[in-house]
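One point on numbering: in this note's numbering, the residue at position 226 of the sequence shown is 230, and numbering is uninterrupted.
Every residue gets a Cβ at the ideal spot worked out from N, C-alpha and C, and that includes glycine.
Take a look at the structure set out below.
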Amino acid sequence: MKKRPLVVTIVAVMLISILVLGACTKPSPTQAPVPAPSPAATSQAPAPAPKEPTKYSVATGGTSAGFYMSIAPMADFINKNSDRLRLTPAQTGGSVENIRRVNSGEMKWGLATTNDMFYAWSAQAPFEQPLRSAFTVGPFLTPSVMHFMVRADSNVNKLEDLAGKAYGLGAPGSTAATLASTILDYAKVGDKVDKKMFAFTEIETMVKNRTLVGYVRASQVPWGGYEQAAREWSGANLLDLKGVVDNGGLVKDMPYVTRFEIPSGTYKDQANSVVTVAQGVWLIANNTVPEEDVYEFARLAYSQEAVELMNTAFPQHNLYPKNADPLPGMIYALHPGAAKFWKEKGVSIPEPVVK
5 MKKRPLVVTI
15 VAVMLISILV
25 LGACTKPSPT
35 QAPVPAPSPA
45 ATSQAPAPAP
55 KEPTKYSVAT
65 GGTSAGFYMS
75 IAPMADFINK
85 NSDRLRLTPA
95 QTGGSVENIR
105 RVNSGEMKWG
115 LATTNDMFYA
125 WSAQAPFEQP
135 LRSAFTVGPF
145 LTPSVMHFMV
155 RADSNVNKLE
165 DLAGKAYGLG
175 APGSTAATLA
185 STILDYAKVG
195 DKVDKKMFAF
205 TEIETMVKNR
215 TLVGYVRASQ
225 VPWGGYEQAA
235 REWSGANLLD
245 LKGVVDNGGL
255 VKDMPYVTRF
265 EIPSGTYKDQ
275 ANSVVTVAQG
285 VWLIANNTVP
295 EEDVYEFARL
305 AYSQEAVELM
315 NTAFPQHNLY
325 PKNADPLPGM
335 IYALHPGAAK
345 FWKEKGVSIP
355 EPVVK
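Shown next, in the form of structure tokens:
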């Protein structure tokens, strides 16, 4: 029984020692996990995602026509070099339809000839009311030249000789048909010519069948269709409009056309130069297209890179800087986005024909 106090004493000493050691030894503090740094703490806030490019259709013409064939490579070039624009060339009936669609806002961009632009503004046929919701962006193709063609065996040597003959003017309401009819009126034979207005495929067949003595076509110079027609007709001639153009006051009275001379030798068996008229081909935009989008289109379309591309893709273009003085003869006022671009380039900006 005398050993129990000793045991108790030993146990007590051990407990005291444990308590003392526990009091003297500080437990190492638990390290709180370090949170991962937020992106904002280590870098700049990410830039806002670019907005989706705006998609536009560009009103052109038939797929085999110059309007379509010139816009197609240009649209591809702009699509590859712009974060703002995505362009698609749209097949249409040509200048008149393009002006209607652009003015209505159905399409925001289009190619148009100067005479149709003037007619639309002033509500002249084929336009029944004034269309004034389009602006000029800039020139696009070299002038579209009126080719008054006849069969070589037709005995027609001048416009006046068409009196009493059936002659093709093109599709009803087309640029060629409208302008050709006006020119025939100036030659004082408008009411004497049997004017046929059909699609050109039909008109070409009618000339081959000798139902017509020829037809008029608006195109850039040189135009391959003339050589083809000459082969199919066993010879073709171009009618000279010198009397009407130089002496009849046509150009003075029609500010939307210019005098144009097709040099001799331009076409096979063309011995003499031929005076005719031409109309410009311009890019127009609806007045609701944002200024930034028009500026972007102009910045790319009228660049040296675009000129070099189009020199191969469609040599009959009329783009700045190849055309160093691009704006004389413009019918509509410039779109604000285009005006900004041309001012930056130091280009002389004339007064538009219509205001």
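Helix, strand or coil for residue i? Go by DSSP, reduced to three states.
| i | result |
| --- | --- |
| A156 | coil |
| R214 | coil |
| F318 | coil |
| N161 | coil |
| I266 | strand |
| R235 | helix |
| Q35 | Here Q35 scores only 43 on pLDDT, less than 50, and its place in the model should not be relied on; the value that follows carries that caveat. In this structure, Q35 counts as coil in the three-state DSSP scheme. |
| R104 | helix |
| I353 | coil |
| I335 | coil |
| Y260 | coil |
| T117 | strand |
| P294 | coil |
| Y123 | helix |
Is the separation between the beta-carbon of residue i and that of residue j shorter than 7 Å?
| i | j | result |
| --- | --- | --- |
| M334 | T140 | yes |
| A337 | P356 | yes |
| N119 | Q274 | no |
| L145 | Q308 | no |
| A302 | A342 | yes |
| K344 | Y306 | no |
| V154 | G218 | yes |
Going by C-alpha to C-alpha distance, which of the options sits closest to residue i?
| i | options | result |
| --- | --- | --- |
| R221 | F204, A234, V211, K212 | F204 |
| A94 | M73, G269, L145, S223 | M73 |
| V149 | P130, Y260, L313 | Y260 |
| S268 | G98, M258, T280 | T280 |
| P226 | N159, K272, R235 | K272 |
| S61 | E101, G98, G114, R88 | G114 |
| I103 | I75, S137, D80 | S137 |
| S277 | V285, I266, W286 | I266 |
| K196 | Y190, G218, A167 | A167 |
| L331 | A170, G142, L313 | G142 |
| K200 | M210, K192, A191, V193 | M210 |
Just to check my reading of the structure: residue i and residue j have Cβ atoms closer than 8 Å, yes? What is that Cβ distance to the nearest angstrom?
| i | j | result |
| --- | --- | --- |
| F152 | L245 | 7 Å |
| D297 | R88 | 6 Å |
| S178 | G98 | 6 Å |
May I have a chain-ordered list of the alpha helix (DSSP H) segments no shorter than 4 residues that lie completely inside the stretch 58 to 89?
70 to 85
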